[in-house]
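Notes for the one structure printed next.
Residue numbers (my numbering): 1161 to 1364.
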């Protein structure tokens, strides 16, 4: 059967009824009035609207400026370590390095007295020793507690459990894998810091 000759004859798009028309681009005017939400939408009323950015920031412990308590406690912990490191460097230099280098106590005694006037006074000793150590330890413990509350909200939706109750939940055999992530992991630096704090307390 021979094919129809009309089906083999191709016509240009301009010759057909549904021909393409080239239009100039023009902006679409948006309506000034905001369209209402559907009745079944969760955003139908102002009472059910959830500020996503605000709820997300509050769940992460952040304020309106993006800086929460953890941000400031981290800065306190960092700068307090700088202050105490300066004191520890002076103290170690005049009590260990200088006597070891010169191998003479009478010769190294002037250096010991000179540095003692810098940090062993009524003002400098609390500022260089007591306050930095206290601020460093307290800020570190505070950061752990705040991160514990964040993990509690993230994995369980509640941060109201007490310290011992949460520890009991973690030690139970039926505890979920997410429950083990409530408390932040203790790093080696944190363990060495706690040990160094105990040694410092015994030295003082």
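Note that CB positions come from ideal geometry on N, CA and C, so glycine has one too.
Put simply, of 1312, 1266, 1297 the residue whose alpha carbon is nearest the alpha carbon of residue 1244 is 1297. With a 10 Å radius around the Cβ and a threshold of 16 neighbouring Cβ atoms, residue 1249 comes out exposed. Annotation: residue 1315 to residue 1347 spans about 22 Å, alpha carbon to alpha carbon.
With respect to residue 1229, residue 1306 sits close: the two C-beta atoms are nearer than 8 Å. Pairing residue 1275 with residue 1254 gives a Cβ-Cβ distance under 8 Å.
Following the DSSP letters along the chain, one finds residue 1346 in no alpha helix (DSSP H), marked with neither H nor E.
If you check the CB distance, residue 1303 and residue 1357 do not come in under 8 Å. As summarised for the region 1256-1285, the continuous alpha helix (DSSP H) elements at least 4 residues long and confined to that stretch are 1258-1262, 1265-1279, given in chain order.
Judged by DSSP in its simplified three-state form, residue 1299 adopts helix. Residue state for residue 1310 is assigned as helix, using DSSP reduced to three classes.
Nearest in C-alpha terms to residue 1351, of all of 1301, 1312, 1258, is 1301. With fewer than 16 other beta carbons inside 10 angstroms of its own, residue 1185 counts as exposed.
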